[in-house]
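Read through the structure below, which is laid out as structure tokens, and then see the notes.
Numbering (the working numbering), first residue to last: 1 to 372.
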């Protein structure tokens, strides 16, 4: 019975409706062009790239409800990529492993993807990962027990997905690896569609006891990097997936329970990719606005606390503007001092008032579109 995608008679010959995807792909490539063009507006492009890659690592772990030490991962990745880190911190083996995985995924693009590569990535994920709930053998494929995603009670479980059995795992992986390596330069495959297929195919195989999602997303990053090495350092696909995590699991479950026409999955993938790129474009615009703003006000005499609050506003925090109570909380001053600082910033032309006065009064940055 063809209950799961991998049980379909045509598996793994996946098909899709190109006419449905063409407008989305056009939009995605348009975003890629904008990203490369606007990235020159960022003075410290390397730091922006580092932050995007770290965001990808953190979000990919968060999708699986795993927390990571953001600052340690950032320091590890900066060192491995040869990027100057203005605020290095002490790193540990776990952060080094996560950084190793991202570095390998987005830089070793001309090396063939092999089973050894995947096992190495799995070791980096788990060899220094301590969990009281589950012990995972680093660098090993899953065992003989059925691999299922289950929810509900023990007596009435709901099976959302079941992976191919262990006895077919070697064949499944071999097919996938051959496809991934031979299609890298195959003009018959649109590169973004190839990335979406790689994501779905590998998560369908589900070769490990744990870590399948994170390794799947690392593979997706590699496929996207092979599409455009420069742009992969500017946006975080996993961040966009995390923002719609329930939708991510829903579309994967839907696709696993249907035939080999994966158009619905590829539409979701392309739309999420566009959201990730739009987020990066917004961040670039904010950085450019911040650079222009401080250049315009370089002669102003400001306290460090005032600069801190303005930078928070320029970064997109306090979308509705900041009030005196929030200013007080951010910089740890009295309410009277907060009001005095804000009044001074208005007088110097850096902020302007909104609202009707009193408690409804808020302050926004003058001369900057807060919706950017």
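Backbone N, C-alpha and C fix where the C-beta goes; we use that ideal spot for every residue, glycine too.
Within a Cβ cutoff of 7 Å, which residues of the same chain sit near residue i, ignoring the five residues on either side of it in sequence?
i, result
"residue 172", "164 and 205"
"residue 69", "95"
"residue 202", "176, 216 and 219"
"residue 230", "36"
For the beta strand (DSSP E) containing residue i, name the first residue and the last one.
i, result
"residue 152", "148-152"
"residue 208", "Here residue 208 belongs to no beta strand (DSSP E), and DSSP marks it neither H nor E."
"residue 351", "351-354"
Name the two residues that bound the continuous alpha helix (DSSP H) containing residue i.
i, result
"residue 374", "Past the edges of the chain, shown from 1 to 372, lies residue 374, and the structure says nothing about it."
"residue 222", "212-227"
"residue 302", "Looking at the DSSP string, residue 302 is not in any alpha helix (DSSP H), and its letter there is neither H nor E."
"residue 155", "From DSSP, residue 155 is part of no alpha helix (DSSP H); its letter is neither H nor E."
"residue 79", "70-81"
"residue 365", "Careful: residue 365 lies outside any alpha helix (DSSP H), inside the beta strand (DSSP E) at 362-365."
"residue 241", "237-243"
"residue 230", "Per DSSP, residue 230 belongs to no alpha helix (DSSP H) and is neither H nor E."
"residue 122", "115-126"
"residue 55", "45-63"
"residue 28", "18-38"
"residue 99", "93-107"
"residue 179", "169-182"
"residue 87", "Residue 87 -> no alpha helix (DSSP H), and no H or E assigned at all."
Would you mind working out which of the options sits nearest residue i, comparing C-alpha positions?
i, options, result
"residue 219", "20, 308, 60 and 290", "60"
"residue 33", "234, 308, 337 and 15", "234"
"residue 91", "267, 77, 158 and 129", "77"
"residue 108", "225, 344 and 303", "225"
"residue 10", "20, 270 and 260", "260"
"residue 223", "197, 295 and 211", "197"
"residue 345", "86, 331, 359 and 302", "302"
"residue 139", "147, 112, 148 and 129", "129"
"residue 13", "339, 294, 288 and 262", "262"
"residue 211", "126, 111, 15 and 319", "126"
"residue 289", "174, 232 and 367", "367"
"residue 93", "103, 73 and 110", "73"
Short of 6 Å in beta carbon distance, which residues of its chain neighbour residue i, apart from the five on each side in sequence? Order them along the chain.
i, result
"residue 27", "274"
"residue 88", "75"
"residue 240", "272, 275 and 276"
"residue 209", "136 and 142"
"residue 71", "89"
"residue 191", "227"
"residue 341", "306"
"residue 321", "354, 362, 363 and 364"
"residue 238", "56, 59, 60 and 217"
"residue 332", "none"
"residue 18", "none"
"residue 101", "121, 124 and 218"
So, at 8 Å on beta carbons, what are the nonlocal neighbours of residue i in its own chain, with the 5 sequence-adjacent residues on each side left out?
i, result
"residue 236", "52, 53, 55, 56, 59, 276, 279 and 280"
"residue 152", "158"
"residue 132", "At residue 132, the pLDDT of 44 sits below 50, so the modelled position is not reliable and the matter cannot be decided from this model."
"residue 335", "324, 325 and 328"
"residue 150", "157, 158, 159 and 160"
For residue i and residue j, which I take to be in contact (beta-carbon distance under 8 Å), what is that distance rounded to the nearest angstrom?
i, j, result
"residue 265", "residue 282", "Not quite, the Cβ-Cβ distance comes to about 26 Å (not below 8 Å), so this is no contact."
"residue 64", "residue 247", "Actually they do not touch by this definition, with Cβ atoms about 16 Å apart."
"residue 291", "residue 43", "6 Å"
"residue 284", "residue 38", "5 Å"
"residue 184", "residue 4", "About 28 Å; that fails the 8 Å criterion."
"residue 166", "residue 144", "5 Å"
"residue 97", "residue 124", "4 Å"
"residue 243", "residue 24", "That pair is no contact at about 18 Å."
Count Cβ pairs between the segment 312-328 and the segment 338-357 that sit closer than 8 Å; are there 3 or more?
yes
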